[in-house]
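This note's numbering applies: residue -15 is where the sequence shown begins, and numbers increase by one.
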Amino acid sequence: MSKSEIEAIQFSSSKTLYTFYAIYAVTKFKFIFKNPDDTVAYEEEVPAGMKIVNPLTHQILSYSDSTLGLEDCYKALGFVDAKSNSIVLSEADFKKVERKVDTIISQSRDREFYVCYMKIDVHDNVADHSLFNFSTYSSEGVLL
């Protein structure tokens, strides 16, 4: 609505109830989660004033284990602020630098965090479901 249209509005003295609507833009901020090599592992836009859901609850974040031995892999533990803390030797070391991202309210800027990984031996963790990305397949049309 232009300024001249607003000025042309006539209010009636016989009508006492007017309804006005405000239209505003929703500001969103990005939460970016990077791997130790600076590649983006996960990214999400969050409306201002809202909290992000911890990505580890619905995403399997992974980091290339091509430099490790065949029996080792990286396990995502959580998130940290500094790239230098993105690979730790133990869960106790991680607890010292952990950043609980699900408690942060997006307010004034985009945020960047690093996914924290720990090297583990796959033989010691065969029942750890967080190491696997399960897929559902249909056997429809396949002879069993």
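Built from N, CA and C at the ideal position, the CB exists for glycine as well. Since the model is a prediction, treat every value here as computed from it, not as a measurement.
What whole-angstrom Cβ distance do residue i and residue j have, given they're in contact under 8 Å?
i, j, result
"Ala32", "Lys14", "Actually they are not in contact, since the Cβ atoms of Ala32 and Lys14 sit about 12 Å apart, beyond 8 Å."
"Glu96", "Ile16", "5 Å"
"Val106", "Asp56", "7 Å"
"Val99", "Asn19", "6 Å"
"Ile88", "Ile36", "7 Å"
Pick helix, strand or coil for residue i, following the three-state DSSP scheme.
i, result
"Val10", "coil"
"Val99", "strand"
"Phe17", "strand"
"Asp65", "coil"
"Val72", "strand"
For the beta strand (DSSP E) holding residue i, just list the boundary residues, first then last.
i, result
"Val24", "24 to 31"
Between which two residues does the alpha helix (DSSP H) harbouring residue i extend?
i, result
"Asp77", "75 to 81"
Count the CB pairs spanning the region 52 to 66 and the region -1 to 7 that are closer than 8 Å, and state whether there are at least three.
-> Short answer: they don't touch.
Counting Cβ pairs, one atom from each stretch, are 3 or more of them under 8 Å apart for the region 41 to 52 and the region 20 to 31?
-> With the cut-off at 8 Å, the region 41 to 52 and the region 20 to 31 touch.
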